Each structure stands twice: as C-alpha cells, then as structure tokens.
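Going by the numbering used here, the sequence shown opens with residue 11, and the numbers climb by one from there.
C-beta atoms are modelled at their ideal positions from N, C-alpha and C, and glycine is treated no differently.
From a predicted model like this one, the values you see are computed outputs, not experimental measurements.
Heads up: the structure comes next, in structure tokens.
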Amino acid sequence: MDNYTLVIAEKPDAAKRIALALDKREKPRKLSENGVPYYVAKHNGVEIVVVPALGHLYTIAAERKGRNHYPVFSFKWVPRYVAERKATRIRSLLQTITTLAKKAEAFVDACDFDVEGCVIGYCILKYACGAKEHKSKRMKFSTLTKRELEKAYAEALPQLDFGLIEAGLTRHEIDWLFGINLSRALTVATRKWSGKYVTLSTGRVQGPTLKFLVAREEVIRSFVPTPYWKIRAQVETDGRVFEARYVKERIENKKEAETIANSCKDKKGQIEEIAIREFKQPPPFPFDLGTLQSEAYSLFSFAPRRTLNLAQQLYLDALISYPRTDSQKLPSTIDYATILKNLGKAEQYYKLTSELLLKQTLKPNEGYNEDPAHPAIYPTGNLPQRALEPSKRKIWDLVVRRFLAVFSEPAAKQNMKVYVKINGHRFHFSGRRILAQGWMRYYEPYVKFDELLLPPTKKGQIVNVKKTLLEEVFKEPPPRYNPSSLLKDMEEARIGTKATRADIMQTLYDRRYIEGERMTVTSLGFEVFDVLEKHCPQVISTDLTRQLEEKMDRIRENKEKREDVLTDVIGILHPSLVAFKEEEKVVGEQLNDALERSKLEERIIGTCPVCKTGKLFINYSRKTGKRFVGCTSYFKGLCKTCFRLPQRGTVGSSGKNCPACGWPTVEVRMKSHPWVLCFNPECPSKTGNEKS
Ligand SMILES: [Zn+2]
Ligand SMILES: [Zn+2]
C-alpha cells in the first residue's frame, strides 16, 4: 500500500463514516497498527486511508519545567502525552499517523470545520505528518451523510483555512497565558502561606464568568424585601368564577389598598369594555447551539454540557448536522424536500411531513445570526438504525420537530380582556384562545398553550362579585443563575465560545467556587473573586475579554497578527502579576482562610432541629475517630445533640430535607450508588436508616 491519499478525521466515528461514504462498495477495510484503527477505502481507483484523531493531539506547554514560578510567557506546542501523563494512547496514535504519512501522496484535512477542528488538523499535518500543512486540501461538511461527504471530498478546498487556524492558535495561546499565570499565582500564594498544595484556578473566561455570578449573589444577599399589595375580585358570570385583577398591579400603600378592597365588598360589577386582540406568532427559528441548549434545559432539565454531548453523538451517528454553530439559517442548498421525505419514513413524522411536502415552496423562517462555517442544526433525514437511548432520542426528536415547525405557518391567537367596574374601581380578567395552530402542531409537545375560553359577555352586563381578596406580597430578589441563564448572559457578553462555555461552568463547580443548580457562589468563590478584583482587576473585566474576542475575529479575517495580540496580552498580564507577587502574603492568608471556611461549610448539613439555633455538622470523635452528626451549639454548652452516621463510604450534605420528618439529611456514597439518609432516630419513615 503506497501512493494513497491520507484523510485525517477528528474522531474514530467520523473516520469510519468518511471511509464508508468514500468507498466504492461501501466496504472499507479496517486495519490497525499499535492498537490504532484506521480505514482503507477505494475511491475512483485511488486508495484512501482515513485515520482518526482523538480531539486535540497537541497542546501548549511551558518552555521551562516546574509548576511554581510565574510569570511564564514562553511556550511551545507539544504532543499531549508530553504535557499530560494520562494521554498515553496519543503516543501510539501519533506514531501511526507519522508512519502512514510517510507513504502518502496527498493529504486531506477532514476535521470539523470550526476553530477547534482547524487547530486539530493543522497541528497533525504540521507536526506529525512532516510539515504538510501547506500541501493539504480541506474537506468542508456539516453532516456525516454519504451524499455530503462524497461532495465534500470531490470539491475539497485547495488549502487549509489559515485565518481560522491563526485565530484558533491565538485563542489557545492567550487562554494558556492567562490560565497558567493566574492559577499559579493563586496556588503559589496559598501554598507559601500554609505549606499545603491546593489547586486554585482562574482563566481569561472563568474570571469574568465568576464576576457575573458574584454580582448577582451580592444583589440577592443585600436585597431588602419590601411589601406591596394586590387586589383581586372573584367575578361570577355564566355560572363560572373568574379572578379579576385590580388595574393597578402593585399598591405600595396598605391603607389605600384596604380602602379600595373594602369599598368593593358585596357590590355588583358591570362590564365596561371588552378588548379583543388578535395576533400572529411566526414559527420559531432553526436551532443554533445556544437555543438548543436552553430549550433542552427548560424542557428536559439537561445541563448545557449534556445537551452538547448528546448532539455531538447524534452528529457522529449522521442523524443531525454539526451542532457547534451560531447560525439560525438553513441555506437552500440543503435539500429540504428530500430530508422531509426521509423523515416521513418514520411513522411518527409521516403525517406532518406529508402535509409540509404539499406546500408550493418550502421556505424556513430564519433568524438573524449567521455562522461562516455551518448552517443551523437540522436533521439529516437519516433514521436511527437501532433504538436510540432515551435522552439522545429526546434531543433528536426536538431537532426534528423544530425543523418541521420552521417550514410551517404562523399561529393565530386571540387575547380577550374584559374590564369590570366595581363601585368605581376598574378590574379586568382575560381569556385566550388559539384561532389557528399553525407551527404549534409541528412543534408539539414542545410548545404548550393553555386556552382559557370565556363565556359570551356583553358590555353593560351586570356580574356578581363573590369576594374581594387583599394580598400582601413581597418583592422578590432577582433569581439565581441557572446553567441556561448563565449561558445566555455569557453569549450576550461575548465571553467564551460555543465550544467552551459549558466546560467553563463545570470548572467553576469542580473548583467549588459555586454550587447547586441554582448557582450559589461559595465563600471560596467570593474570596478568589475578591483577590482577583483587588490585585488584577483588568483580567476579570468583561471588556478585556470582549476586546480580545474582537481581535480574534480580526485575525480570522487576516486583519490582525497573532504575534501582536500575544504581545498585547503579555503587556497586560506582566504588571498585574508583578504586583500580585508583592502581595503574595496577604493573598495567601486570605485564600487559606477561605479554604478553611469552605471545608467547614461543606461539613454543615443544616439547622439543628433540636435547639433551632446551632447548625448540624459532620464531626469526628477524638477518641474513636468515628464520625457522627453534632451541633455547633455544643461548643457553647447549649446543645448536646448527636446522631450516628454510617462509617463506610463518604458522607456529605444532601441539600434536601427529609420528606417524612423535615430534618436535614445526608447523602451517603458507597461505590457508585448514593442514597439519601435521614439520621433522625425518631423519623416516621425509617427506611433509609436500615442500610446503616
Ligand atoms: Zn442543636
Ligand atoms: Zn426523617
């Protein structure tokens, strides 16, 4: 075997699909070397060897070894196994690629067409294939279907996209510079103070993201709830009771509210006006990744990272198009009709797709956002060859139904507002109905609309007032961030990329800067943020992050040079780090305090149900070393409460209260299965206790 074309794919599944698509008989040979599988396909009489990467095979490392010194500004690209001990598979993979490259005559980069994919392919061609980066063609595709892969191979771009590559390399390099220097500064300061090694980290995007969370947390904590009053009147018409709202939604003055409510008591009402508003609601836009993630979060409670993983798998199964896209557009080169016809082979879509295919023209309702590399996410029309695992199926079905809805008609809705005068005061109640379902039928069950039909009413009609209600309400603080709303704010502020945002969130959890699905900043998170804000405020500013994003866009358009951007970044980091070093002692003390406190906080389970003032926490007996639940009031001599805990496995707060007795509970983890345990010996439900 020689004089073949070497095709580099991003993942093993993609390599297999490419080989299958390009082989004349759809039966490529699977070979392996050093345990690394690759494929040989026959295509128009030429041999094609398709070899997979495993995502990034190269990474950045410092020129100088050692993890204690900073600032660090000189670095090099190295194979991942050099920088990370665990990445041993990568060594044999790179050896295989190098061997295969020696006898290859032509090279094709078939990695995903986006920033990351471009960097992956470029590094392999440059470092593993012997400087072939300027002699390689580039396949560009958005789905792994046979049709598109054949076309992408036949019409491969004559060279790599160097603008995109430069932008990608720059992103990795500046993120590395920020990450390594700031994380080392935090870690070194902590260790110099306490002698203990604890990994603390922050980064170019992580810092500003933490800033969002801290700012929200501060608003919530300093929020002073003030009351206001709401008035409702239960109005009876046609034997049904409707709750009518007083026109002024919030009454700040209690006296005023009471006077109005009292003067409406036992009075009749008269219908004064009926306002009918009809409106059309256009179909939704095709999915970009962010919208898919937020939709999956609200429908299925899938965290953004999980949705991306599932979408990625569906892409590798050739069921949907490439998910890492910002586009809300579906270009007409995508053969809508064929996709609909193929989807119609599945029973559940047959009726809907047949209806759409009867249309004169198929025109999607597109959004404004574009992405130079990929269209919006759409189903390829392929059907799963075997039953999909339930969560994957959910995402696939959501993508399919969204695609169908996009081609449909607007929905027509009607809102009806009835104004009632009660002793001179105006109230209203409203109904809503659907006049035409339009796209909603296609997007069901992912869209819900509760109709509320009103009985026929006439102007001047007298209605009974059954009751008036006066309610004291407290203004609510803004809600805590959840993964979906944080993602949205990151997108809006243009920090991070669609490929990295979900991972950055996870890092904040892993480092214990935040906790809970309703993201709460821990005291460690607060302190780390405080340190950064005091000593290097620039690096946590969203402005800087945004400016850098803009510069990377300019690199991509060949309007700016990578070297210049790196010089700028070093110019920003250097003085901050020097200043930080001078304050190392103060910072070290502050961070150690925070770490100690957060360790204690993690042991706290909840308020003590016995003395009602102390906190229950997980404690260890000095004599026996056994763990138990104690109360913090014990140290003040006020509460001697203590409870037994299982001695095996790990125990921590579950964050939940026992449904039977209301006491705080712990989560016990042994091997893989965690369970929630109520340690109250008198709890009416003692099922959990039996296991201990
Ligand atoms: Zn107590
Ligand atoms: Zn209980």
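- Under the rule that a run must span 3 or more residues, no beta strand (DSSP E) segment is found entirely inside the segment 282 to 355.
- Counting only residues whose CB is nearer than 5 Å to a non-hydrogen atom of ligand 2, the list in chain order is C668, A670, C671, C688, N690 and C693.
- Along the length of the segment 423 to 482, whole beta strand (DSSP E) runs at least 3 residues long occupy 435 to 446, reported in chain order.
- Of the residues assessed, I100 falls on the buried side of the cut-off, its CB having 16 or more other CB atoms within 10 angstroms.
- P237: not part of any alpha helix (DSSP H); member of the beta strand (DSSP E) spanning P237 to T247, first to last residue.
- Taking one beta carbon from each stretch, the segment 156 to 168 and the segment 564 to 578 have fewer than 3 pairs nearer than 8 Å; the two do not touch.
- Assignment of F151 by DSSP, reduced to helix, strand and coil, places it in the coil class.
- For P294, the number of other beta carbons within 10 angstroms of its own is at least 16, and it is reported as buried.
- G624 has its Cβ nearer than 6 Å to a heavy atom of ligand 1.
- The segment 368 to 386 makes contact with the segment 295 to 303: 3 or more CB pairs, one atom from each, lie closer than 8 Å.
- When only Cα atoms are considered, K156 and D520 end up about 40 Å apart.
- Between the segment 210 to 229 and the segment 492 to 509 there are three or more inter-stretch CB-CB distances shorter than 8 Å, so the stretches are counted as touching.
- The Cβ-Cβ distance between K431 and E543 does not fall below 7 Å.
- By the Cβ-count criterion, K112 is exposed, with fewer than 16 other Cβ atoms from all chains shown falling within 10 Å of its own Cβ.
- In the DSSP annotation of this structure, the continuous segment of the alpha helix (DSSP H) that includes S102 starts and ends at R99 to K112.
- Minimum Cα-Cα distance from N474 among the listed residues V46, Y452, P465 and D276 corresponds to D276.
- Looking at the DSSP output, K40 sits in a beta bridge with Y49.
- For a cut-off of 8 Å, the C-beta gap from G391 to L353 is around 6 Å, short enough to register as a contact.
- In summary, V588 is exposed, with fewer than 16 beta-carbon neighbours lying within 10 Å of its beta-carbon over all protein chains present.
- Two segments are said to touch when three or more pairs of C-beta atoms, one from each, lie closer than 8 Å; by this definition the segment 454 to 471 touches the segment 432 to 445.
- Nearest neighbour of S664 by Cα position, chosen from F689, Y644, S608 and T634, turns out to be F689.
- A direct Cα-Cα distance of roughly 44 Å separates D336 from G659.
- With a 10 Å radius around the Cβ and a threshold of 16 neighbouring Cβ atoms, E227 comes out buried.
- If you compare the alpha carbons of I472, S533, S273 and Q323 with that of G434, the shortest gap goes to S273.
- Contact between the segment 555 to 565 and the segment 629 to 639 is absent: fewer than 3 CB-CB pairs across the two stretches fall below 8 Å.
- Residue pairing by DSSP leaves G178 without any beta bridge partner.
- Distance from F123 to V257 at the Cβ level is roughly 56 Å; contact not present, criterion being Cβ atoms closer than 8 Å.
- At a threshold of 6 Å, T209 does not count as near ligand 1, since its beta carbon sits no closer than that to any of the ligand's heavy atoms.
- Under the Cβ criterion (8 Å, minimum of three pairs), the segment 149 to 163 does not count as touching the segment 177 to 192.
- Contact check for C133 against Y91 fails: the beta carbons are separated by 7 Å or more.
- With a 10 Å radius around the Cβ and a threshold of 16 neighbouring Cβ atoms, A383 comes out buried.
- With fewer than 16 other Cβ atoms inside 10 Å of its own Cβ, Q548 counts as exposed.
- Annotation for V416: P293, P296, P374 and N375 place their beta carbon closer than 6 Å to its own, counting only its chain and skipping 5 residues before and after.
- As a beta-bridge residue in DSSP terms, G279 pairs with I432 and V473.
- Rounded to the nearest whole angstrom, the CA to CA distance from Y452 to S586 is 55 Å.
- Secondary structure note for C274: its alpha helix (DSSP H) is the uninterrupted segment K264 to C274.
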